Amino acid sequence: MSVPLEAYLALSALLFVLGTTGVLVRRNALVVFMSIELMLNAVNLTFVAFARQRLAIEGQLAVFFVVVVAAVEVVVGLAILIAIFRTRDTVDIDDVDLLRG
Amino acid sequence: MVLEVIVALPLAGWLINGLAGGRLPRGVVGAIGCGTVGAACAASVMAAGDPAVAGGGLTATLFTWLSAGEFTVSAGLFMDRLSALMALVVTGVGFLIHVYSIGYMADDPAYARYFAYLNLFVASMLLLVLGGNLLVLFVGWELVGLCSYLLIGFWFDRERAASSGRKAFIVNRIGDAGFLLGILLLATTAGNLQFDRLAAASGGMAPGLLTAATLLLFAGATGKSAQLPLYVWLPDAMEGPTPVSALIHAATMVTAGVYMIARLHPLFLHAGYTLSVVAAVGAVTAFFAATVALVEWDLKRVLAYSTISQLGYMFLAMGVVMMPAGMFHLTTHAFFKALLFLAAGSVMHAMRGVVDMRRLGGLAGPMRWTAAGFAVGGLALAGVPPFAGFFSKDLILEGAFEWAQRGGAMLVWIAGLATAFVTAVYVTRAMMLTFAGPAADPGHPHEAPAVMGLPMAVLAALSFGGGLLGARVAGEPLLRYLEPFFVDSAIGVLKDRPMPAAGVITALPVAVSLAGILAGFALYRDRREVTLGALGRFLSHQWYIETLYDAVIVTPAKRLAHLLADVVETRGIDGAVNGVGALVGRAGLAVRGLQTGFVRNYAAAILAGTILMLGYWLFR
Amino acid sequence: MMGLPMMTILIFLPLAAAIVVAAIDRKKTGALYGVGLAGSLAALALAAVVFVRFDPDQAALQFVERMAWIPSAGVSYHIGVDGISLPLVMLTAVIMPLALLSAWGSIAERIKEFVFSMLVLETALLGTFLAADLVLFYVFWEAVLIPMYFIIGLWGGPRRSYAAVKFILYTMTGSALMLVAIITLYLHSGPSLGARTFDLAQLRQLRVAMPLQAWLFGAFALAFAIKVPVWPLHTWLPDAHVEAPTAGSVVLAAVLLKMGTYGFLRFLLPLFPQATLQFAPLLSALAILGIIYGGIVSWAQPDVKRLVAMSSVSHLGLVTLGVFVMTVPAMQGSLLQMVNHGISTGGLFLIVGVLYDRTHSRLLGDYGGVAALMPRLAPLALIVVLSSLALPGTNGFVGEFLILLGTFRANPVYAALATSGVILSAVYLLWMYQRVMQGPVAVKERARMTDLTRREQWLFIPLIALIFWIGVYPSPLLRRSEASVRALVQDVRERGNAAHLASHESRVTSHDR
Amino acid sequence: MTPPAVDLRLLVPELVVTATAVAVMLAGLFLPAGRQHLLRWLAAVGTLAALGTTLTAGADPTPAFAGMYVRDALTRVIQATALLAVLLAQWLSGEYVERTGLEAGEYYALMLVAALGAMLMAASSDLIMLFLGLETLSIPLYVLAAFARTDLRSQEAGLKYFLLGAFGTAFFLYGIALLFGATGSTGYRALAEHARTPAVIFQAGLALLTIGLAFKAAVVPFHFWAPDVYEGAPLPATAYMSVIAKVGAFAAFLRVYVVALAAQAGEWSTLLAAISVLTMIVGNVAALRQTSIKRLLAYSSIAHAGFILTGVVAGTPSGASAVAFYLLAYTFMTLGAFAVVLMLHRRGEEADQIADLTGVAWRAPALGGAMALFMVSLAGLPPTAGFLAKFYVFTAALDAGQIGVVVTGVLTSVVSAYYYLRVAYTMFTGQPHEDVGFAGGRWVTAALVTASAGVVVLGIFPGRVISFVQQVGQAMR
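Chains as they are written, first to last, in our numbering: chain Y, 1 to 101; chain H, 102 to 721; chain V, 722 to 1234; chain W, 1235 to 1711.
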């Protein structure tokens, strides 16, 4: 009952693409944000899959770091979002376009 | 040493009058002006007496002027028989005209400037005739051109004077460009510009090269000596003060071309058909100018065309290898043409600048002496014996005949004769219109002051007796003096001249001249204003030559200049440059446009980049 | 060779003066100009000493100073003077004080910055002419641009900003590619010379394979041709001249343009002899085109400064021709003519400046009959004009004649075409002189047209003196340049013609990199 | 398996920086409002100490911490540069932070942490390490961008930077993952070994990894965030991030490409060459028509990323040294330019329009002169640091036969002269705005002076600095 590596890779790739698409199509900052999280987790999946196949510790190690970093990013990201929401009452990223040219 | 002095004296005069003249009293300025030239004249006499001159020539090398690579030219002076003669004519006639100017320019505000220029001219002219090599000659050649420019435009506040000066300079430059190329050609082939070296080398040079070189030099001569096709500046040069016309545009500068050919005659003799060209140009110019003089109303312009015509004679002489005769005519012409100009000057002086002969007349009475002077000059010009002009012109025509005998073109001789006739006619015309009959406008003309009269008197004497210098009866002292210089060339012609045949040939010109004078009397008696109909119109437009130049050269050139400056330069070349700049600028705006400010576009860009890179890595 | 680093002092004296100027209170006009003038005059004095002590019989660099600058990159501080750079050093040293003097009184605001820029400019110029290391040269060469950019851009006429930008971008474009070529040379020097170097003397030994050599030649030639400027790369020049203040125009015309022609002699020819011989016809043709085109276009200019600027295109065409016909007289002639053009055209711009200060117009149409109002200016102006149209007796003729002589030897047709410049220069210069000086007085405010002040007279006296001195007795200059020029011509001819040999060797070297 | 050897002495600089960051943040909390300026001293002392330890600590090419970390010459040089950058940035910020009432403690702490990130990237010899360094660098910068919490533009800058940054990080990580898959390890050595027979995943991984770095370095087409973020962020923050991000990113470029994948230069140099050409063109052309000095410097920083990249493209030791030198020069001239802008204000606001500079030089000649100096240097004209920096990278690139890149480089430098000199020219011409005033202070002045000195010294007497940066190259040979 062992799932082949390719399956994991395919799944993670699919997730990654989904995430990417989310970033490109969604306008709600929070959703965009979640899409990015999705991408990161796709990466995690890849790491774990490879780690298992190669029996190399670095894979799991990496995942831990990614998770931590992702958490940190969440903190920062949400803080910024809140600040914006406070002043503009919106998290639609297409409304955030003062800066251009 | 003496040679340096000759040149240095008038130069000093120029410096003093030029720098301090404005602050000096007029008397002093005049004294310096004339004194320096007089002294130069005396020095020339001294130098000419030096035995070295009669021998190999008197040389004075000052310093190395140019030395680049193996080519060197030294700044040196040189006097042999030829340049001795020239120096004497220049300083002698020059001195007389300086004296005359004291009176003529008496009440001109720019008195000092005038004398400064005049002195500078004499200095330059002396540099020209005493130059030890072709390049120094060229320096003088250009400097006299400058002085002519300065003096034609002396009254620079007159637009016409300024323009005429400029015209003179530029036309001369056109000739000089040729002259310069000639020098370059000689310098590269002979490797040296010393006259003696050139003469020596001329034998060995390829005739083709030599022909080219001499023709180029002659191009310069046509400019300086106002021959066809570059004569156009001389008539306009009459804008200048009349003494200037007398000195520069009659007696000395314009003869530089003749002197140059005499100086380099070995080259010209070795150079195939150059001399034939010279003869032809001389003959045509002589006739052409004479005919134009026939219909001019401006007294000075009549004399100007007369000068062109007479210079034609001199070149004719050179061309037919009667070089001593040419130099002889140069001398006599210096006398009588200067006289004529000075006389005309004193007429203008009396008539407050009127030169239109239709408004003159009846001056024989009030201006007896001037009239007499003009008459003497006129007869000399017409070639009536025993006046000076007769001997020299006669000799030239004889030479032309001989030349024809030896296979030259008979036309040249015929042209010479015809010119003699026309000359006589226009001289008579000028005489009549100016001095005879009733006065056109009742002014109170007064005879010129002594300071102007005296020089005229001297010149009159020379115009009368000058012929003896070349008269066979007097043993042709001048010709004999020059013989050694021309020994290898013209002397042959001079020697074995069949005496008997001479009878007719010598008589003919005299007859022609007298006929001309009679015709003149007949035509213009009691100052009739004869316009020769269609012919007259043709002549009074100078055969439409200048019209042609304007149509073919001047106007197109101006058009081209504006085309290049206003279209090619601005829209074409610079347009391209600015175009590139504008293009980059627009690109800048375009790129800014990509920066939409929408996060998602940016993300898309990143994705696009990613895909491209993946593509590159995977499907390379 | 001697205790004092003469050349270094010479180069950096003006810079030192500039630093002093920076320290002076900006209100003290006199002090500012005084120090500036003193600095440049001191440089002139030093240059004069060099000129006297210079050994005419030596072709190689003299007063050489050399020390490591960036040893790791093969860059050295290597300077020295030879017969080719000496005349231009002298020219710079003479023109700079005059330019400053001309500004005194006509430039009234931001004097401090102006004098400062001028002095920095002088240092950069002297450095350019004395550098014997390619990087050092490039540094000075580019450093010239910045002060000049500000001189045009800050003290210039109405369109100064446009002119300044055009000037700097146009010239930078050329030198940018030259930098690439310099580096390429350096990289190639490794294999054949043992160690990579930017030192000119060593790079002259280098033999670059032909296709590459042609490219490098092109890069250098472009940079220099733009600076000269060679037709059709000249259009930055009229704009720069028209807008620049008088002092700027003077330095630009008198010295900056010579950087290009100097570059030809100092770098282009010795570094790429083979390509030089190959492309000489092309450059000669462009030069001749420039002579004629510049002459004709000058004639149709309504603006005096533009007229003089275009005349520079014509005159420098002749200089360029003299460089590329590759004969000793021609090359000495164009070297001399660089100086002459500096004197005469510098003088012309000074005249325009004197007039502009009074009328604030540069249009020929606004002048006329000035000679009557400014009798002291008229003769000086005439002499300068005559020198510019190369009348014998003035400096212009000597240079022109030598160039034409040398050209005639190489190719009579070139000489014949170039001689047309003799006629054209007379046409437009006398036209200009008549429009401005002669004819009835046409100037609006006669009252303004006061004659030359004492200061202004002193602008011209040295120039006039030089005009006649060089015109009558040019030997001191010619003697000093002869040895170096002769050596250069021989060198280029030999190494250029030994082509097959050279290209063979270097094909080997250029491969193993 | 045996526990990895841990030698904390190697980490002294990093530890000092960390300690300083913590100390400053705590001090910021407890110091009374009147005493906040003491934080500057604290930060400065700490940074200088770190700088000292970096320069004194010897170089050792053998990786430590289980091959995660290496303190070789490259590490030393880059870390020194990063510390210099943060030091100058602190000085720049001094007065501004107080004037605008930002929390100084956090502010300095964030700067130091970012610097730490850059230092770790330089010292990384393992992809995980690189990732951690990158994030340690980026996250504080997100915060700094949004640091003026109530300012709309600052918020926007923060958001954009954060979202895109995270997005980029995802790609970066995915790249690491794939490389890990391909090599079975995250160490650079493994990369080097497997690069000889590259599998598809390897290639893809490398590409994605590159994207992450390219994003940080703001290289076309991953540069779009930069102009907006630079414009929106508080001025001193902009100044800092424009430098420190480059330092970190290019350190990583050197590590990955020039050190690890040197043998395969042929494989990737073409790609990087294309990118650098594109970057130089877009960056310089886009800057031509800018009106905001911040934005102009943003595009300038993009353009310079392109120039620096040419050094990487060379892929040679000398190229690496050139990049190191360029980063140093870039630090001086960019921070210097920002310092000049920081010394002005328009009614208390940032004087961030080029128009605001009009005629300023006539009120403060020294300031004008300095700006002219920096602009000339940024344009790459001699005799300045900017010229020699370009000179070195171009020499290296030419040596590697990258003629096209170099020609583009020099020509785009000409284009850049247009906008740089326009800025300098503006300062010297016209009448100054009446509502533009000076906001100078001792600290920012110190930064200005240091930067000017740096630009001049690197331009005229570069000998010692060059021999310092050349350790980088020598270490690789």
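A virtual CB, placed ideally from N, CA and C, is assigned to each residue, including glycine. Since this is a predicted model, take the numbers as computed values, not measurements.
- For Ala161 of chain H, the uninterrupted beta strand (DSSP E) segment begins and ends at 159-169.
- Here Met1567 of chain W is buried. Its C-beta has 16 or more other C-beta atoms within 10 Å.
- Using a Cβ distance threshold of 7 Å, Met419 of chain H and Phe587 of chain H do not count as a contacting pair.
- Runs of alpha helix (DSSP H) with 4 or more residues, each lying fully within the stretch 1352-1421 of chain W, are found at 1361-1379, 1386-1417, listed in chain order.
- Assignment of Ile791 of chain V by DSSP, reduced to helix, strand and coil, places it in the strand class.
- Within chain H, the residues whose beta carbon sits less than 7 Å from that of Gln1437 of chain W are Trp718, Leu719, listed in sequence order.
- Membership of Met39 of chain Y in any beta strand (DSSP E) is not indicated; the residue belongs instead to the alpha helix (DSSP H) covering 29-54.
- Chain H has a Cβ within less than 7 Å of the Cβ of Gly101 of chain Y.
- Annotation for Tyr1088 of chain V: no alpha helix (DSSP H) segment contains it, and DSSP assigns it neither H nor E.
- Contact between the stretch 831-848 of chain V and the stretch 922-934 of chain V is absent, with fewer than three C-beta pairs closer than 8 Å.
- Taking Arg628 of chain H as the centre and dropping the five residues before and after it, the same chain places the C-beta of Gly462, Met533, Leu534, Ala537, Gly538 closer than 7 Å to its C-beta, in chain order.
- For Tyr1408 of chain W, same chain residues with a beta-carbon under 6 Å away, outside a window of 5 residues either side, are Leu1442 in chain order.
- With 16 or more neighbouring CB atoms inside 10 Å of its own CB, Ala1092 of chain V falls in the buried class.
- When DSSP states are grouped into helix, strand and coil, His371 of chain H belongs to the helix group.
- The Cβ atoms of Ala1438 of chain W and Leu713 of chain H lie no closer than 7 Å to each other.
- Closest in C-alpha terms to Asp675 of chain H, from the list V:Gly1192, V:Gly1117, V:Trp952, V:Tyr1194, comes V:Trp952.
- Between Val1046 of chain V and Thr982 of chain V the beta-carbon gap is near 14 Å, outside 8 Å, which marks them as no contact.
- Around Phe1401 of chain W, the beta-carbon contacts reaching into chain H at under 8 Å are Ala704, Ile707.
- Per DSSP, the unbroken beta strand (DSSP E) holding His1579 of chain W starts and ends at 1578-1580.
- If you look at Leu1028 of chain V, you'll find it in the alpha helix (DSSP H) that goes 1025-1045.
- Gly682 of chain H does not reach chain Y, its nearest Cβ partner there being about 21 Å away, counting only Cβ pairs nearer than 9 Å.
- Put simply, of W:Leu1601, W:Phe1621, W:Asn1518 the residue whose alpha carbon is nearest the alpha carbon of Ala1563 of chain W is W:Phe1621.
- The beta carbon of Leu640 of chain H sits closer than 8 Å to the beta carbons of Thr392, Val393, Leu395, Val396, Leu633 from its chain, once the five residues preceding and following it are set aside; these are given in chain order.
- In the structure shown, the three-state DSSP call for Gly1643 of chain W is helix.
- Taking a 10 Å sphere around the C-beta of Lys749 of chain V, we find fewer than 16 other C-beta atoms and assign the residue as exposed.
- In the structure shown, Gln295 of chain H adopts extended strand secondary structure according to DSSP, grouped into three states.
- Note on Glu1329 of chain W: 16 or more other CB atoms within 10 angstroms of its CB, so buried under the neighbour-count rule.
- Residues Gly1339, Glu1340, Ala1343 of the same chain have their beta carbon placed closer than 7 Å to that of Met1259 of chain W, with the five preceding and five following residues left out of the count.
- Nearest to Asp277 of chain H by C-alpha distance, out of V:Leu1145, V:Glu1215, V:Gln1155, V:Ala1204, is V:Leu1145.
- Distances from the alpha-carbon of Pro336 of chain H to those of H:Gly309, H:Leu285, H:Leu282, H:Lys401 put H:Lys401 closest.
- Against chain W, the CB of Leu40 of chain Y has a partner CB under 7 Å away; the residue lies at that interface.
- DSSP places Phe784 of chain V within a strand segment (E or B) once states are collapsed to three.
- Residues of chain V with a Cβ closer than 8 Å to the Cβ of Ala1571 of chain W do not exist; the shortest Cβ-Cβ separation is about 16 Å.
- Of all residues in the stretch 1633-1661 of chain W, only Asp1633, Val1640, Val1641, Val1644, Leu1645, Ser1647, Val1648, Ala1651, Tyr1652, Leu1655, Tyr1659 come within less than 7 Å of chain V when Cβ atoms are compared, listed by chain position.
- Using a Cβ-Cβ distance cut-off of 8 Å, the stretch 208-227 of chain H and the stretch 184-191 of chain H are in contact, since at least three pairs of beta carbons, one from each stretch, lie closer than that value.
- The beta carbon of Ala7 of chain Y sits no closer than 7 Å to any beta carbon of chain W.
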